[in-house]
Structures are given as structure tokens and as C-alpha cells.
Amino acid sequence: MSTGGSLNTEPGEGGTAPARFRISRDLGTVAATITAVAGLLYVFLVVTVTLHVVIVLGAMAVALWLLQRDPRVEASIAGSFERRRSFALVLGVAVALAYPFAIGQNTYHIHLLVICILYSVLTIALNFQLGSANIPNFATGATYGIGAYSSALLALNHGWNFWATLPVAALAATVFGFAIGLPSMRTRDAYLALVTIACGVIIHQLLNNFEWTGGAQGLIGIPAPSVFGHSFTQPLRVFGLTLPAQANFYYLALLLLMLAIVVAGRLHHSRIGLAWNALRADEIAARSVGINVVWYKMLAFAVDAFLAAFAGVVYAFYVGYIAPDNFTFLVSVMLMTMVIVGGMDNVIGVIIGTFLLTLLPEKLRVFSDYRLLFYGLVVIAFLSIRPQGLFPQRLRRYRGVE
Amino acid sequence: MIELEAVSTRYGAVPMLREVTLRVGAGELVCLLGPNGAGKTTLFKTVAGLIRPTSGTVRVAGSPDARTERIAALGVGLVPENRRLFPGLTVAQNLCLGYEAVRRERVGFDQGLEDIGRLFPRVLERLDQMAGTLSGGEQAMVALARALIGRPTVLVMDEPSLGLAPKLIREYFRIVEELHARGSTVLLIEQNAGMALRIAQRGYVLSRGSVVADDAAEALRKSSVVRNLYFS
Numbered sequence: 071m072s073t074g075g076s077l078n079t080e081p082g083e084g085g086t087a088p089a090r091f092r093i094s095r096d097l098g099t100v101a102a103t104i105t106a107v108a109g110l111l112y113v114f115l116v117v118t119v120t121l122h123v124v125i126v127l128g129a130m131a132v133a134l135w136l137l138q139r140d141p142r143v144e145a146s147i148a149g150s151f152e153r154r155r156s157f158a159l160v161l162g163v164a165v166a167l168a169y170p171f172a173i174g175q176n177t178y179h180i181h182l183l184v185i186c187i188l189y190s191v192l193t194i195a196l197n198f199q200l201g202s203a204n205i206p207n208f209a210t211g212a213t214y215g216i217g218a219y220s221s222a223l224l225a226l227n228h229g230w231n232f233w234a235t236l237p238v239a240a241l242a243a244t245v246f247g248f249a250i251g252l253p254s255m256r257t258r259d260a261y262l263a264l265v266t267i268a269c270g271v272i273i274h275q276l277l278n279n280f281e282w283t284g285g286a287q288g289l290i291g292i293p294a295p296s297v298f299g300h301s302f303t304q305p306l307r308v309f310g311l312t313l314p315a316q317a318n319f320y321y322l323a324l325l326l327l328m329l330a331i332v333v334a335g336r337l338h339h340s341r342i343g344l345a346w347n348a349l350r351a352d353e354i355a356a357r358s359v360g361i362n363v364v365w366y367k368m369l370a371f372a373v374d375a376f377l378a379a380f381a382g383v384v385y386a387f388y389v390g391y392i393a394p395d396n397f398t399f400l401v402s403v404m405l406m407t408m409v410i411v412g413g414m415d416n417v418i419g420v421i422i423g424t425f426l427l428t429l430l431p432e433k434l435r436v437f438s439d440y441r442l443l444f445y446g447l448v449v450i451a452f453l454s455i456r457p458q459g460l461f462p463q464r465l466r467r468y469r470g471v472e
Numbered sequence: 349m350i351e352l353e354a355v356s357t358r359y360g361a362v363p364m365l366r367e368v369t370l371r372v373g374a375g376e377l378v379c380l381l382g383p384n385g386a387g388k389t390t391l392f393k394t395v396a397g398l399i400r401p402t403s404g405t406v407r408v409a410g411s412p413d414a415r416t417e418r419i420a421a422l423g424v425g426l427v428p429e430n431r432r433l434f435p436g437l438t439v440a441q442n443l444c445l446g447y448e449a450v451r452r453e454r455v456g457f458d459q460g461l462e463d464i465g466r467l468f469p470r471v472l473e474r475l476d477q478m479a480g481t482l483s484g485g486e487q488a489m490v491a492l493a494r495a496l497i498g499r500p501t502v503l504v505m506d507e508p509s510l511g512l513a514p515k516l517i518r519e520y521f522r523i524v525e526e527l528h529a530r531g532s533t534v535l536l537i538e539q540n541a542g543m544a545l546r547i548a549q550r551g552y553v554l555s556r557g558s559v560v561a562d563d564a565a566e567a568l569r570k571s572s573v574v575r576n577l578y579f580s
């Protein structure tokens, strides 16, 4: 980037007037975008009247339509974020940390956010496969379940605490990831999808029928975690303010999400991310340049399983009760929809898609039995406005030579 | 460097190669000619390890039955049919993938890029462009550059001249000749017999899966076998 050097001049170093203007404009754009997204999320959380829900969705559709019509707007916003990365990062984290305070005592809203965040971790995990490497894995729900079950079983039967079960559950799920990866290696596309669907269904059936997993009733009474003597069942007191107990899990899930985002970012820009994109584009060409396709596909399965298990563990300890029906094939389909609607291979897009599609069913409760119908209509509407997903992968930045 | 001993390959029940024996010694530039459907691409895939022969042995760079993903590390650069670039990635990323699979260290990449720049100045001008948006000629150059950036000792090319304008074909073959002059071993699989025989030392002619002629390029140019295959 030849123009990048002059734009990155720090304000104090006597940048020229246009450069300084550019900096403040970038900061303004970043701040405005983050505030707008946070505000939109808040509105979407609190609206209950059906008409208002429709208005909010309509406003989103119009905004997306405008973005689609003039790509320069999106490019300019993305450019501002690119140039002011650390500012965007600090502001984004600050807003996320302050969010429960804005919501206050409404435990239902905080609960919804925790679920949104956990699902975001799952979709980021799936995105390594579906988005980066084009592996349609329909077994993410199962790896999520294996994480949740292994941690819950360790806690209930052996008295392990939350923190100790985390690595073990992640390991168990990763082994399972390899186990479904292996038979999948000989298949591709629709056939690969079928193999993963079968694996997911098998796990669901096993959880349902084994005695030691509690059968269809599942596992009850998973103890809440605690940290430095503070139990997660107690309300959280910060700066003289009291937040409901759910806020403990909000921050735990948020920590996990940030970890997932960092891992995703590092992988995306690494040789591994590039190799995944290469085998997504053309497997034979990838092999011709010496990429070990089997190894990289297995790696995608393992990374997916590892992160999904973390989400499963947090979910199990948060809700305190898990059953096979939390981890069905339908969960995997939902996760896949979220990745596709959000935008393949773009972490921010995937998170936005996940929040939207996790909250949507809650907002459509008034339609009761027809809820899924409206859900489907909204998905179709958004995809026809933005066929590539809400925020698809942008051109990779190249970090090999400058 | 490349040795095929009585190699037969079938797709299901359909035989594609019949008892093909072919040798490319170190430092040689050998071309393999043949009309459409002769089995040229099957032979490329067999050499590249993309398909396993039904019978016979394949040795590439001293290694028997080398799998495709290991072949690059053995110092073999592959230029597959239709270039097969990664269209959604930039030229630089395409080159980077060609480099990193072979040589793990990053330092040599810039050096490799410089070498590429000397052979194809235009590739360097296009580094940040998406490979899918390049012209056909540029894509052909990038595909060759991607195979070369890991500094292979053996180069195997499948129909590199396909779809190129005559002027570009001449330029392309001049580069191949130069690589050979610098010591590379080249197996050039081509339909364009005239151009290929002009730069090659030896040639094989493949027809319906069998080698029907195997001689010095000079002799093949005058041979009636080649003429009959192409013009009858």
C-alpha cells in the first residue's frame, strides 16, 4: 500500500492538514459504526411489539440494500477500520464489556446475549471449515455436544471443576473431529456432507440411548463454576453496581469469543489460512503446488471441534442441564445457515449473522407455529439483498512481501 | 529424473495408457507429442502422482510412487493443464503458495520473486491483482512462475501453449528454452508439435495411449509419423 504510509502518521508528529482530517474522519467513522451496531443490537434485543420488529428488520434490509448498491460506502468504512485497527479494537472491547450495564437487570436479555455469543464461537469454528476450506461439516452440533457432555460427566461423576474439564473436553472433541475427518477424506461436497450428517446423527442417537449419558433426560445439576471464590451463581458486583448472575457467564462467553476471534484472525492470515483458501479454490492445483490436502482438511476438522467443545463446556455449566436434543442435526443446520447468511470466511460477518439469526426466533414468538416460516422468509430476503452473505470475505491482504 | 517403465493406466475399464516407457535424463528437455485423446494429460497426472498406474513403475526425482503433495518438495515443479491458478487469490498469494509448500523459510521468497521478475517482468507488476482477472497469457506466465518459484530442478508442463496467441507461444517457449539452458530438466507435454520440437532435444509421440515414436527432435520433425498423426 503506497498511500498507507502517509495516512498512518500519528497526529502529534505534525501530519499535514488533509492527513489530520483523514485521521479524525476515520476515528469518527469507526466510532459511529460501532455505536450504530451496538445500538441496533440493543433495539433488536428490547423490541417486543411485532410491528416494531418488522420495522427494525426493514431498516436493516434498507441499510444492506444501500450498501449493496454503492460498494464504495462499505469499502470506505472497511478502510477506516483497517487504518484505525487498535482504536476499533479498544472501542469494540469497551462496548462489549459495558453492554450488561446498559441492559441492567433484565436477565432474559443477558441470557439471549450469552447464547448469541456461544453460538458465535460455534459459527467461527464452523467457518474454518465451511468458509475457509469449503468443507460442509454438518457435525458441529455433535462436537459441541461432545464438549458439553464430556465436561458435564467429569463434573458430575468425578467432581471436576469447570476449569479442569475445559481442556479435557476440548481434547475429547478434537479426537472426535479427527474421527469424522478420516472417513470424510475420501469424499467431497455433497458426499462429504452426508458423511458428517451421519456422524452427527450417530452421536445424537448414542447420547439418547446410552445409560451413562442420562438418556433422553440428559444430565441435570451441573455445578456452576467459580473463580477466586466468586461463584457464578451470585450476582456480579462491579464499581458499586450489581449485575444479575447471568452477567458472569456473559463475561466468560465473551472471553471465549475474543479467544476465538484472535485464533481465527491469526489462522486466516497464516500459511494455514492461505492453504485452506487454495484447496477451496482448486484441490488439484493445491496438490500440484505441494499442499497436503488431507492434512489441512483434518486440521480444519480439529480446529472446529476444539473451539466448538469450548462453547459446549460453557453452555453446559451455564444452563446446568443438558440433553441430547440440544445437539441435534438441526443445530448444525442452524449454524451453517448463520455462517452462510453472515458471510463466508469473514469473522465479523459470521458474528453478525449469528446474532441476527439467534435473536430472530425470539422476536417471532408471536407467530408461534408459523415462526420457522417467517424465519425462512427473513433468511431468503436477506440473501436476495446480499447474495454473498451480509459481509462476505474481503480480498485477502497479502503479508508475504511488501 | 523421470522414468516410466511399462506404465499402464485405466479409467475404469477404459485403458488410457498402454505399456508406456519414457525416460527424461538430468538436464534434458524432452517433449511428448500427441493428438487430442492420446493420453497426454493422463500421462501428466501419472507423473504428477495424481493418479496411480494400474501396472508399471513411475520414478520421479529418484522417488518411486511419489504422491503429488510430496512431489514439489522433491524439486519438481508442475504446470497443470489450463494453468489452474487460484482465481480468488492474488498473484502474490499464488506465488507464495507455490513457494511455501516447497521451502519453509520465508527469506528466499524475495530472491525467488526477483528471479521471476527477470524472466517475466509483467508478473511482478501484477502482484496485487486477483489471478482470475488476468489475461490468458498472463495467467500462463503466473502458472509457470508459481511452479518455478520453489526453484525446482525438474519441470513438468501439460499443454502450456493452449489458448495462447502465436507471439505469446514463442515468448513462452523462449523462456522454457532459457530454463533448460540454465540446467533444468523439462518434460514438455504439447500438442503444438512444431514449436515443441524446435526447442526439445528428444521427443516421444503418443497415440491412443501407446508410444508410437521415440527419437531425437531433429528426426521427429522430418518423420512421417508426426505428420500423419496431425494432418491425416
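Residue numbers (the working numbering), protein chains in the order written: chain U, 71 to 472; chain W, 349 to 580.
Where is the CB? At the ideal position from N, CA and C, for every residue including glycine.
Coil, strand or helix - residue i by DSSP
i: ASN576/W; result: helix
i: ALA361/W; result: coil
i: ARG353/W; result: Checking the sequence shown, residue 353/W turns out to be Glu, not Arg. Looking at GLU353/W - three-state DSSP - the assignment turns out to be strand.
i: PRO253/U; result: helix
i: ASP374/U; result: helix
i: ASN423/U; result: Here residue 423/U is Gly; the residue named in the question, Asn, does not match the sequence. In the structure shown, GLY423/U sits in a helix (DSSP, three-state: H, G or I).
i: ILE392/U; result: strand
i: ASP415/U; result: coil
i: VAL260/U; result: In the sequence under discussion, the amino acid at residue 260/U is Ala, which differs from the Val named in the question. Three-state result, ALA260/U: helix.
i: LEU313/U; result: strand
i: LEU369/U; result: helix
i: GLU519/W; result: helix
Residue of the options minimising C-alpha distance to residue i
i: MET404/U; options: CYS186/U, SER94/U, GLY390/U; result: CYS186/U
i: ASN396/U; options: GLY285/U, ALA351/U, ALA355/U; result: GLY285/U
i: LEU429/U; options: MET414/U, VAL449/U, ALA102/U; result: VAL449/U
i: LEU322/U; options: LEU97/U, VAL113/U, VAL297/U, THR244/U; result: VAL297/U
i: ASN384/W; options: GLU507/W, ASN442/W, ALA479/W; result: GLU507/W
i: GLY162/U; options: ILE354/U, ALA315/U, ILE418/U, PRO295/U; result: ILE418/U
i: HIS122/U; options: GLN458/U, LEU453/U, ARG464/U, LYS433/U; result: LYS433/U
i: GLU353/W; options: ARG575/W, VAL408/W, PRO363/W, GLY375/W; result: VAL408/W
i: LEU400/U; options: GLY270/U, TYR445/U, ILE354/U; result: GLY270/U
i: GLY45/U; options: ILE421/U, GLY413/U, LEU442/U, SER94/U; result: No statement about residue 45/U is possible, as the shown extent of chain U runs from 71 to 472 and does not include it.
i: MET368/U; options: ASP415/U, ALA209/U, SER254/U, TYR178/U; result: SER254/U
i: PHE208/U; options: HIS338/U, ALA356/U, THR398/U, GLY98/U; result: THR398/U
Same chain, Cβ closer than 7 Å to residue i, five either side skipped, listed in chain order
i: GLN138/U; result: ILE455, ARG456
i: ASN204/U; result: ARG350
i: SER301/U; result: ALA294
Where the beta strand (DSSP E) through residue i begins and ends
i: MET478/W; result: Segment: none, MET478/W is in no beta strand (DSSP E) and carries neither H nor E.
i: ALA374/W; result: Element bounds for ALA374/W: n/a, residue is neither H nor E.
i: TYR552/W; result: 550 to 555
i: ARG587/W; result: The structure shown does not extend to residue 587/W, since chain W spans only 349 to 580, so no value can be given for it.
i: VAL424/W; result: 424 to 427
i: LEU447/U; result: Taken as a continuous stretch (DSSP letters only), LEU447/U belongs to no beta strand (DSSP E), being part of the alpha helix (DSSP H) at 441 to 455.
i: VAL504/W; result: 502 to 506
Start and end residues, alpha helix (DSSP H) containing residue i
i: LEU226/U; result: 210 to 228
i: GLU538/W; result: Careful: GLU538/W lies outside any alpha helix (DSSP H), inside the beta strand (DSSP E) at 533 to 538.
i: ALA355/U; result: 353 to 358
i: THR390/W; result: 388 to 396
i: MET408/U; result: 399 to 412
i: ARG307/U; result: Run containing ARG307/U: none in the alpha helix (DSSP H); it sits in the beta strand (DSSP E), 306 to 308.
i: SER146/U; result: 141 to 153
i: ALA203/U; result: Here ALA203/U belongs to no alpha helix (DSSP H), and DSSP marks it neither H nor E.
i: ALA567/W; result: 565 to 570
i: ASN176/U; result: Per DSSP, ASN176/U belongs to no alpha helix (DSSP H) and is neither H nor E.
Spatial neighbours of residue i in its chain, beta-carbon cut-off 6 Å, leaving aside the 5 residues before and after
i: LEU535/W; result: ILE350, VAL372, VAL378, VAL504
i: ALA218/U; result: GLY382, TYR385, ALA386, ILE392
i: GLY465/W; result: LEU472
i: ALA158/U; result: VAL100, PHE151
i: THR257/U; result: VAL265
i: GLY390/U; result: ILE292
i: MET364/W; result: THR357, GLY387, THR390, GLY557
Residue i: CB within 7 Å of a non-hydrogen atom of the ligand NAD
i: TYR169/U; result: With respect to small molecules bound, the structure shown includes none, and the ligand NAD cannot be examined in it.
* Of the residues that make up the stretch 352 to 374 of chain U, which ones have a beta carbon closer than 7 Å to any beta carbon in chain A? -> The structure shown contains no chain A; its protein chains are U and W.
* Report yes or no: do three or more beta-carbon pairs, one from the stretch 235 to 250 of chain U and one from the stretch 369 to 377 of chain U, lie closer than 8 Å? => A contact exists between the stretch 235 to 250 of chain U and the stretch 369 to 377 of chain U.
* To do: Flag this pair as touching only if the stretch 237 to 248 of chain U and the stretch 183 to 199 of chain U have three or more C-beta atom pairs under 8 Å; answer yes or no.
  => Taking 8 Å as the limit for Cβ pairs, the verdict is that the stretch 183 to 199 of chain U does not touch the stretch 237 to 248 of chain U.
* Asked: Counting Cβ pairs, one atom from each stretch, are 3 or more of them under 8 Å apart for the stretch 426 to 445 of chain W and the stretch 477 to 491 of chain W?
  -> With a cut-off of 8 Å, the stretch 477 to 491 of chain W and the stretch 426 to 445 of chain W count as touching, because enough Cβ pairs lie within range.
* Asked: Should the stretch 165 to 184 of chain U be called in touch with the stretch 319 to 335 of chain U, which here means at least 3 C-beta pairs below 8 Å?
  -> Flag = yes, the stretch 165 to 184 of chain U and the stretch 319 to 335 of chain U touch.
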